[in-house]
Each structure stands twice: as C-alpha cells, then as structure tokens.
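Residue numbers (our numbering): 7 to 388.
The beta carbon of each residue, even a glycine, is placed where N, CA and C say it ideally should be.
All of these numbers come straight from a predicted model, not from anything done at the bench.
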Amino acid sequence: MEILKLNKISNLVNDVFDKKYTLVDESTNPVAVLVRSFDMKTNYTLPDSVVAVGRAGAGVNNIPLDDYAKKGVVVFNTPGANANAVKELVIAGLLLASRDIVGGINFVKETGACEDIAKVCEKNKSKFAGNEIYGKTIGIIGLGAIGRKVAEACTNLGMNVLGYDPFLNDNIISLLPQSVKTVDSLDKLYAESDFITLHIPYNDKTKNTINEQAISKMKTGVKILNFARGELVDNTALLNNLGSKVAKYVTDFANQQIINKDNIIVLPHLGASTEEAEDNCALMASNQLKDYIELGNIKNSVNFPCINLDKNSKNRITISFIANENTQNEIYKLITENISVSGSSTAIRGEYGYSIFDTNDDLDTLKTELSKLSNVTKVRIL
C-alpha cells in the first residue's frame, strides 16, 4: 500500500508504517495521503483509492473537508502536537512587541563599520527602550492546546492572564492555571488587555475577528500577537489604527499590506517550524492514518465523528454515509440480514455518519449490497 507524501515529512514516519506500506512522493493510487501545507483544494485531484488524509499540523484550510467527507474520505489533523513550538514563538513575539529588539539589532548591524561600536551603541541604546511584561495583562483568545500553554507560560512570567473561548467549559477551566481569569465576552478582554494574542481557528465566523469595531474597544497602546491565522485580523483596520490605538502588531503571516511597516513585525510562518514539532505532527498523523487503514478507528478527524472499537472478531466492515434516519435503517437492515454481529459502534457528526461492525462471517456480499445504497459513500472490509 502506498502512502503519498505531498510535502516533506519527518523520516520518523518510517518507524510507524511497516513493510506493508511504501512511502512515496508520487502515486496515482495511494491508500492515504500525508500533507502539511500543500494546497489540496486547487492543486490536487483525489484518486478513488484514497481512504484518508493525514494533516501533519492543526490547520486544515488547505484541504476541501466537505468534498472529501462526501466521498467518505476521513481527514485527520494533529491538535496539540506543535503546541509547545507555537507557544515558545508566541513568547518570543511577546518580547519583540514589548522591547524594541528588532530595532536594536538593525541599528547595530547598520553601525557595524563604526570604529568604536561599543560607545556608539551605549550612546544610542535609549532609542530602543521598551517595557517589561511583568505585571501587564495579556488577553488570550482561544484556550485550546496552544492557548492553554501560552496562559501557563505568561502566568509563570508574572503576567495577569485573561482567557476567552467561545466553547469554554469546566474541562477547559480545569486545565488552566488557577490564576487565569476567564471572561465571557471579547469586549471585557479587549477593555482590560495590554497584549492580545489569537489562538482560534480561521473560518467564516472568525474571519476579521480583530476589526475596526474590536480595536475601538481596546486599550490605547495595545499590542496584538497573531500566530494563529493571518485572516483573523482585518489588515486595513489594523493599519488605520497603527501608531495610535495599536502600538505593535506581531504576526507569523506575511501579507503585502503589512510588510515593511513601522511597528509591525512579520515572521515567515515559523510557529511550528521546529524539528521537534515536525516530528511530533508527522508521528501523530501517521499513527492515526495507520489505525484507520487497519482497524477503521477514527481519532482527531475534522470531517467525521471520532470512534474507537476494539476488534474482537475475525472480520470488520466500516461504512461511511450521509447521515439520515432512512440510511441508518437501511444499513441496519442489511447488516442484520447478512451477518451475525459480535461488536458494533456508530457515530454521527453533522451531516456525516460512520459505523463499524465486527463479525466472523464472510463480508463480500454485504459490502456489495451496502455499496448500492445511495447515501453510503465508502465501505471497507478490514
């Protein structure tokens, strides 16, 4: 079985896939795809042979999730695998926003030919003075794996931490340092924060979260960090308020509108660019793919329900389907008429459903009959 790599992937994936698999850079009929940043929406035609896609990272804006779900193709991501790497860069961004480190570095570089460089630097260092982060308030928008790590790090640095998450619950709160104060609205976070950092996914609802209206509610001199997605910030609104309401903007996403602007620091998407993060993401994605290919279990899918069933019989059949009561009844009818079931599990996520059935019976006839159902998108025998 071929696993297609659309990007360079850590060699550690070779430790996950055994001799049944071949990792390749080109294939017309792979069983699965490993991807990082490659644009699968516009640059790739998915072969019918593909049963799953593993994204070595958290963001999946480069993958047509709904189109693949309609074909029964499960898409996995790796939440938390790169969280520490991003957290560390956020802390670096926090310091870059607070102290004019970049300005100081550029000054020394430009003055390098001076004979008495030490004296010149000493004389001019006041031009690059900044502020300490100790005792300042940072507002964290999004309290997922990365947001929680940032909250912990900022707490340890002596900052006051405010947290907002639209899906805040007791479990999330229990994972935060006790000193973190959670708020139930962005307006409260904007009003109190000296720094604001974004850790939410990009979608239609979160696009331009930081816009003209949001900025108007912030403290004068606020410093904004964006290591999540560039589209979360309205660049026009940002530029309109830069140097007045907004003191600094540090982002990991380059854009023609914001490069070479005073008080904006742009990094080339370095958030997850550490050897450790790339290894973690690749291993996590590969293990999830292998578990799905061999056992049909789904963990960390972004377009199908998560489901896990220990295999307790000789054969297993998995069914992906468009979720509705009629389809589920048709599937159940065919199952009960054709096999003796020793174990099963079904889960629904939005429009899409997924079932696993274990049996010691032959499954070839059942697979043929299930595949004829109009809303069944993929059937596999494992």
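Item: The stretch 282-297 contacting the stretch 83-103, beta-carbon criterion three pairs below 8 Å; Value: yes
Item: Inter-residue spacing [alpha-carbon to alpha-carbon] between S319 and D370; Value: 16 Å
Item: Contact check, G277 vs L95, beta carbons under 9 Å; Value: yes
Item: Rounded C-alpha distance that separates A243 from A157; Value: 27 Å
Item: Anticipated Cβ contact below 8 Å, A234 with H205, distance rounded; Value: 5 Å
Item: Beta-carbon proximity check, Y196 vs K223, cutoff 9 Å; Value: yes
Item: Reduced DSSP category for N166 - H, G, I as helix; E, B as strand; rest coil; Value: strand
Item: Pair within 9 Å by beta-carbon distance, S361 and F310; Value: no
Item: Three CB pairs or more closer than 8 Å across the stretch 134-145 and the stretch 98-115; Value: yes
Item: Beta-bridge pairing of Y140 - partner residues as DSSP gives them; Value: Looking at the DSSP assignment, Y140 forms no beta bridge with any residue, so it has no partner.
Item: Distance, Y74 Cα to L168 Cα; Value: 38 Å
Item: Reference R154, options V92, Q262, I111, V382, closest by Cα; Value: V92
Item: Whole-angstrom C-beta distance between L376 and V382, which should lie under 8 Å; Value: 6 Å
Item: Length at least 3, wholly inside the stretch 266-351: the beta strand (DSSP E) runs in chain order; Value: 270-272, 321-328
Item: Exposed unless 16 or more other CB atoms sit within 10 angstroms - verdict on K378; Value: exposed
Item: Expected contact under 8 Å - CB spacing of N321 and T365 to nearest Å; Value: 5 Å
Item: Proximity winner among Y140, L238, S180, relative to D200 (alpha-carbon distances); Value: Y140
Item: Cβ pair count under 8 Å reaching 3, the stretch 56-76 against the stretch 295-313; Value: yes
Item: Selected residue, minimal CA-CA separation from F23, among Q334, L238, Y298, E237; Value: Y298
Item: Cβ-heavy atom distance, R355 to the ligand FMN, below 8 Å; Value: In the structure shown, the ligand FMN is absent, as is every other ligand, since no ligand is present at all.
Item: Local conformation of T212 per DSSP, three classes; Value: coil
Item: Within 9 Å, strictly: CB atoms of V57 and R386; Value: yes
Item: Identity of the residue in A38, A64, R61 nearest L52 by Cα; Value: A38
Item: Cutoff 7 Å; reference T212; Cβ partners in own chain excluding five residues on either side; Value: I206, L238
Item: 3 or more residues per run - each beta strand (DSSP E) lying fully within the stretch 198-258; Value: 201-204, 228-232, 252-257
Item: Bridge partners - F363, DSSP secondary structure assignment; Value: I323, S350
Item: Neighbourhood of D240 by C-beta distance below 8 Å, restricted to the same chain and skipping five residues each side; Value: N214, I216, N217, E218
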